[in-house]
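Mind the numbering: the sequence shown is residues 44 to 290 in this note's numbering, read in order. Virtual Cβ for every residue (Gly too), placed ideally from N, Cα, C. Please read the structure below before turning to the comments.
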Amino acid sequence: MKELMILLPVLNEQDGLETVLNAIPYQSLKEINWSASIVIVDGNSSDNSRQIGESFGCEVIVQPTKGKGEAIRVGFEYAIKNNFDAVVMFDADRTYHPEDMLNMLPLLEGGQIIVGNRLTNQMHPHAMTAQNWIGNHLLTWSAVMLFGLEIHDVCSGYWVFDKAALRQMNLNSMDFEIEAEMYAECAVANIDLRNHPIQYQPRIGEPKLGSIRDGSSILKKLIIRRLFPHPVDAELGRGKLSLHSNQ
């Protein structure tokens, strides 16, 4: 049976985390030959997120500072160190459906990454504001224009990684621009990137993504990675983080 790591970046998600953890389809995963372990990377939550994760038997890692980008790369380093066969990552606010991985994992091949596409008719009508919907389409269009690699939803938080592809990721984003940088890295490293439709629903708890500010950071990251294909090295816990998983 293959080993799957489910990576959940968490910051003050006590309102939705228990719902997400209860929805992990362990038995269905076993039926398609995957044994799942959950790793929560916590950004120093001030609520009960860590305690909830621990009560479910999850591996809980507290990241050095804050930021979704750092959390994801801390999780990637853990996955590489522990030699998981694949990683599924998504947010812990119940916007994403854990069961969608059951449709994505059977399609995963060696050296491949699959990105969940929220911008389909499977999206709940109240899951995304009109401003965010337009912004996501514009950022996705910009990404494809800059790099030429097909992607349908560059800001999606639902990704599935084969371990060989994960080891090629070289990243230094700190926050919500992380998904855009992962896309850019796929283009730079010539990683096989596929798209798959997923469900998307309104989040549980307060939103953390600011439309204009974070959208600008995402576009800036795309432009920087187009001009400078290889990210600048930085040390963990000092405001930035580089993942050198291909060494």
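Check, Outcome
"Cβ neighbours of residue 110 in the same chain (closer than 6 Å, five flanking residues each side left out)", "217 and 218"
"Distance between residue 84 and residue 280 (C-alpha atoms, nearest Å)", "Confidence is the limiting factor: at residue 280 the pLDDT is only 42, short of 50, which leaves the residue's position unreliable and the question unanswerable from this model."
"Complete beta strand (DSSP E) runs within the segment 141 to 180 (minimum length 3 residues, chain order)", "155 to 160"
"Residues near residue 134 in its chain [Cβ-Cβ closer than 6 Å; skip 5 each side]", "200"
"Within the segment 69 to 101, ranges of the beta strand (DSSP E) (whole runs, at least 3 residues)", "77 to 85"
"Secondary structure of residue 187, DSSP reduced to three states", "helix"
"Residue 128 to residue 55 span [Cα, whole Å]", "29 Å"
"Residues of its chain near residue 262, where Cβ-Cβ distance is below 7 Å and the 5 sequence neighbours each way are ignored", "182 and 185"
"Exposed unless 16 or more other CB atoms sit within 10 angstroms - verdict on residue 300", "Outside the displayed range of the chain (44 to 290) lies residue 300, so it cannot be described from this structure."
"Reduced DSSP secondary structure (H/G/I, E/B, other) of residue 193", "coil"
"Rounded C-alpha distance that separates residue 69 from residue 44", "13 Å"
"Close beta carbons around residue 179, own chain, < 7 Å, minus the five adjacent residues each side", "162, 196 and 198"
"Beta-carbon proximity of residue 229 to residue 115, cut-off 9 Å", "no"
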